[in-house]
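Numbering (our numbering), first residue to last: 55 to 401. Ideal Cβ placement from N, Cα and C applies to all residues, glycine included. First up is the structure itself, then whatever we jot down about it.
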């Protein structure tokens with residue numbers, strides 16, 4: 055596959071550079087020169103193949119790296135994603151059953167497989183997004199296999215934000231043909247994305263504030279450049295970068311705001327609400343949310359309350375509650391050991 059960048063289509067780059075370089079020489083992020091498109095029969099086929107095979111097929115579209123289902127199984131296990139249904143037709147895709155309770159482990163392991171003999175210390179920005187895209191497709195395949203999804207009915211997806219990797223992966227997956235509806239982005243007190251989507255402006259010089267979800271303590275997500283590129287184009291990227299370099303206020307025209315809002319929603323969730331939601335979801339559904347998932351879950355509820363939408367939604371979970379055991383235990387009035395035990399038995 056050939057690649058362009060978020061800042062220019064005037065020249066093409068190789069897959070090798072997209073795998074091994076964080077940014078292109080022009081400073082932009084790598085993006086496929088032509089985004090792969092999947093037809094409806096290819097989407098249906100996701101439900102007939104195991105998770106590892108679907109992951110391998112999607113990653114081979116981007117990197118032509120010859121991955122097999124066995125490669126994926128060996129790297130992250132044969133059952134790295136489990137789907138849990140909670141009330142209100144919300145399907146939690148737990149992507150963290152891959153060794154250390156974090157999806158990041160799967161990203162790193164598959165990055166090494168993609169790079170082959172040329173090992174890298176950390177996956178590049180595009181490799182991270184590509185693995186997230188593949189996981190979203192493969193998780194959707196599991197929903198199809200279980201009869202919980204219908205390719206003719208869009209499914210919303212809720213993700214916590216931070217560097218905007220998961221949200222951007224969902225945006226690309228939808229552009230590739232996956233029947234996703236709205237992409238719901240959960241923000242903590244660092245709500246610059248909310249300002250942009252709902253007010254049409256963002257302070258690019260904002261400083262992040264500390265919260266109970268520190269991985270999402272990002273004032274201006276670096277992958278926002280990708281969103282501007284795919285929705286508004288290269289000229290808008292240049293305008294955005296001009297404001298970003300000076301820390302100025304980036305504003306959208308009414309037409310641009312309408313384009314950006316299409317299929318996107320954001321909500322700001324406080325630390326206190328995160329704890330309340332963890333407690334209430336366990337009390338009513340006997341399901342334990344981690345704090346980042348609580349942010350995404352709360353934002354999904356806000357979206358539904360605002361729009362009246364009630365179609366099924368996938369909550370893309372990338373981190374086990376045990377990773378934030380003290381906060382979760384405190385929210386549930388339990389000990390950390392009790393939380394560990396309940397998560398381990400799938401309660």
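At the level of alpha carbons, what is the spacing between residue i and residue j?
i           : j           : result
residue 359 : residue 348 : 16 Å
residue 280 : residue 217 : 11 Å
residue 141 : residue 79  : 48 Å
residue 166 : residue 393 : 33 Å
residue 125 : residue 69  : 20 Å
residue 291 : residue 305 : 12 Å
residue 118 : residue 334 : 45 Å
Determine, using beta carbons only, whether residue i and residue j come nearer to each other than 8 Å.
i           : j           : result
residue 397 : residue 342 : yes
residue 112 : residue 187 : yes
residue 243 : residue 321 : no
residue 357 : residue 270 : no
residue 328 : residue 267 : yes
residue 178 : residue 284 : no
residue 273 : residue 246 : yes
Just checking my contact of residue i with residue j at CB under 8 Å: how many whole Å lie between their CB atoms?
i           : j           : result
residue 258 : residue 241 : Incorrect: roughly 16 Å between the Cβ atoms, too far for contact.
residue 197 : residue 211 : Not confirmed; about 11 Å, so no contact.
residue 156 : residue 148 : In fact, because the Cβ distance is near 11 Å, the residues do not count as touching under 8 Å.
residue 98  : residue 205 : 6 Å
residue 208 : residue 365 : 7 Å
residue 368 : residue 193 : 7 Å
residue 89  : residue 229 : 6 Å
residue 150 : residue 374 : 5 Å
residue 56  : residue 83  : Their Cβ separation, rounded to whole angstroms, is 15 Å, which puts residue 56 and residue 83 out of contact at 8 Å.
Look up residue i in the DSSP assignment and say whether it is helix, strand or coil.
i           : result
residue 378 : helix
residue 101 : helix
residue 284 : helix
residue 205 : coil
residue 210 : strand
residue 269 : helix
residue 322 : strand
residue 200 : coil
residue 345 : helix
residue 186 : helix
residue 85  : strand
residue 225 : helix
residue 239 : strand
Could you check if residue i belongs to the surroundings of the ligand SAH, using beta carbon to heavy atom distance under 7 Å?
i           : result
residue 193 : Among the ligands in the structure shown, none appear at all, so the ligand SAH cannot be discussed.
Practice task
Answer yes if the segment 72-90 comes into contact with the segment 133-149, meaning at least three C-beta pairs across the two stretches below 8 Å, and no otherwise.
Solution key: Taking 8 Å as the limit for Cβ pairs, the verdict is that the segment 72-90 does not touch the segment 133-149.
Handout entry: Cβ contact (3+ pairs, closer than 8 Å) linking the segment 289-298 and the segment 94-105
Key = no
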